[in-house]
Structures are given as structure tokens and as C-alpha cells.
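Beneath this line is the structure, given in C-alpha cells, with notes to follow.
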Amino acid sequence: MLAVIGMVAILYCYYGGEAGASGDAPWEIVEMPVAVSPGDQVSPAVSGSRVVFNDTGRSADGWVVMKDVFGGAESSVYGPGVSAGPDIDGGFIAWQDADSRVCRRSLADGAEDCVVSTPAAELALSGETAVTGEDGGSTISRINFQTGRSKKIDSYSRPGMRFDPDIDGTQAVWVRMRGYGTSYFEPLLVSYDVSDDSWSYLSQVGGGASTSGESLYQRGEPSIDNGRVLYQQRLNEPGETWDIFQAEPDTAGLPVVREPGDQVNPVLADNILVYQDNRDGHFDEAGRWVGEWDLYVMNLDTGEERLLCGAPGDQVNPAIDGDIVVWQDNRNGDWDVYAAALSPPDGGSAQPDLTLSVGPVLWDSYADYAAR
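The sequence shown begins at 728 in my numbering and counts up by one.
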């Protein structure tokens, strides 16, 4: 949480670790507001220190905006009219406009490539390729910006919904609801190689049925980085909640985070995992787990987990690149975009020996923080 007194920013979501056994200086995570304009700023994505988001305060139809985490003015990218995205990767921003064009703009020279595709609600970008999920969950499409073509790579030709696409390099992932006759549909993770159009399941096929006759598992929100896929999974029985699992072919997944309440929306950068968590909630009268969403961070190499931000209200839709985490936050009423910088004192990248604790910190300006 942030309060501003004169020119001094008081940052409450701060975490500084103690020196390691070798005497190394401590780690820090410092929170910064990115977009707190009137109306809602939603769906943030990050690459380096650049953040893109959909500003529905500028237009109810959506507006793509870019801003640097460490300050400076907002930059209008495209608007009005955004149906999916935005995402940012490798010096490019991508989104789908109201005319079903998936567009990619170069940050170097402003050149823009647009490809007409099926109307989408979800979009992920990696280099020359974007994958989209159609509104309603019927189709996953691949957009090739080199050839200027769009191709349906999974659709209702195989019964069941398809949703939650992500991509890293040449590997895309999403969830496919596989039907078992008229009995039930089972959510399975699909891995697709854009280089040769091959695909395989990352989940065990035929996981069984719940006591209600539905699929034994619910799955969603796969996130991929360097071949590792994490996702949210729930045993489809009364009183069960969502947890974070790692995909492993021919299994029901390997548990990564299993805490009280729900752990959802995992995002990955190398060995660092960030996710939404409402473990401080409770079961309501209908037997559903409810509570405000916080963000947690975990080092996957050590299994160490810490609260990233537990400000009032909800912190949702995290994204991560390197040492920067961004998310959507309604602590002030409307949805805003906040960021946290995971920073070792020597200015390097995040390493496995992450340790965190809590305390306040003061900065005269964000430029001072960025330049240290």
C-alpha cells in the first residue's frame, strides 16, 4: 500500500531479507503504483520495466496504454476498442481490436502488423507468434506475424471448450475439455509446438469421475516458462479448493502450493512463481471459500514462500518478467495497476536463495529507487 506525504512515498508492501550465510546483502521487494488514473486499469503485462494494460477509464471499449514501472508519462498505444490483451514480449506489444484484428507493434520503430482472426477474449504473445482464446471457449488460434496468417489450432471439431492459452518460445499451452461420451468433460492440459504443429497432453487422460458424475478434476490458467508448466487445479468435490500444480505427462500433476483457501492464476519467470491466494478467507453458508485476494511469491528451487502484497481489497491478475511483478489492484475502489521490483543489492537477477521479511521503507522518488 502507498501513502504520499509531500514528496516522500511511504511503501508498506516491502520485504527485505536478512544477510545470507555467506554474508551477502539482503534481498528486497518494493511496491510501486503504475497506473492509478480514474476508472479501471486492468489486464497488465510486463516486459523489462515496461508495463502495458487496458485502460477502460479512457474508453469503456478499452484502450492499450504503456508505462515504465520506474516513472515517466503514460503512452497511448491503441484505442478505443480492445477485445483481447494486451501482452508485451521481446520489444513488441500485441492486442486484438474490435474488428478482430490481432495487431503487433514494434517498440523500436512503431511499425505495426495486423492479422484478422476469430474474435477473442484471451491473448498471449511470444516473439513472432500470438495465441488467442475465442470468447466462449470454442477455439484456440495461432497468429503468425511473419506470414500474416491466422490458423485455428484447436476447436469444436473435437467436442468441448478450449481456453486459457499461454505461449513461451515455440511451445503453447491451453486447457481442452475432452468429452467422454455423454458422461462428462475432463479438462486436460495441451502442449502445442508451433514449429511443427504437433501436440500432446500434459495431463493424465481418464482421471475419473467425481461423486456427482462430473470430471474428478477442474483445471485452468496454465503458465509456461522454459518448458515448465504450472496451473491451478481443484478436486471436484464439496469443500475442496484450488491449488497450484506442475504439469507432468501421464499424471494428475505434481502439487506445488497446497494451502487453505484458493491458490490460482500462477505466473512464472525462471524459478520464481507468483499467484493469487485467499488463504485468510473462510467458508460461507453455501460451503464456498470466500475472502480477499492477496499475492504470494515462491522460489521453486527452495520451496520458500512469502506474502508479496496483502493490501486492502483484492490483488489479482499478476504478471512477471525477470524481477518485475505487476498486478491489478482495487485497494482504492477502482481497479489500478501496481508493480513490485524484486531486487538484489548488486543489481543482478533473482537467484534461488530468496528470503523475505516485512517492514516499511521510504524513498524520495521512484527514480531514486530505480537508480540505486
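C-beta atoms are modelled at their ideal positions from N, C-alpha and C, and glycine is treated no differently.
- The alpha helix (DSSP H) runs of length 4 or more contained entirely in the stretch 897-931 do not exist; there are none.
- Per DSSP, reduced to three states, the secondary structure at Ser786 is coil, with no helix or strand assignment.
- Taking C-beta atoms under 8 Å as the contact rule, Val917 and Ile894 fail to qualify, at a distance of about 12 Å.
- Fully contained in the stretch 983-1059 is no alpha helix (DSSP H) run of length 4 or more.
- Beta-bridge annotation (DSSP): Glu839 is paired with Arg832.
- About 7 Å separates the Cβ atoms of Asp1063 and Pro760, confirming a contact at the 8 Å cut-off.
- Taking C-beta atoms as the reference points, Pro914 and Ser950 fail to come closer than 9 Å.
- Contact annotation: Val773 and Ala1038 have beta-carbon atoms that are not nearer than 9 Å.
- Here Leu981 is exposed, its C-beta having fewer than 16 other C-beta atoms within 10 Å.
- The beta strand (DSSP E) runs lying completely inside the stretch 756-787 and spanning 3 residues or more are 768-774 and 777-782, given in chain order.
- Spanning the alpha carbons of Phe872 and Arg831 requires a straight line of approximately 8 Å.
- Three or more Cβ pairs closer than 8 Å define a contact, and the stretch 928-939 falls short of that threshold against the stretch 987-997.
- The shortest CA-to-CA distance from Cys841 to any of Gly863, Gly875, Ile815 and Leu852 is the one to Gly875.
- Put simply, the backbone Cα of Lys794 is about 15 Å away from that of Thr783.
- Under DSSP, the beta-bridge partners assigned to Asp814 are Ala821.
- The three-state secondary structure of Pro807, taken from DSSP, is coil.
- Judged by DSSP in its simplified three-state form, Gln960 adopts strand.
- Residue pairing for Glu941: DSSP places it in no beta bridge.
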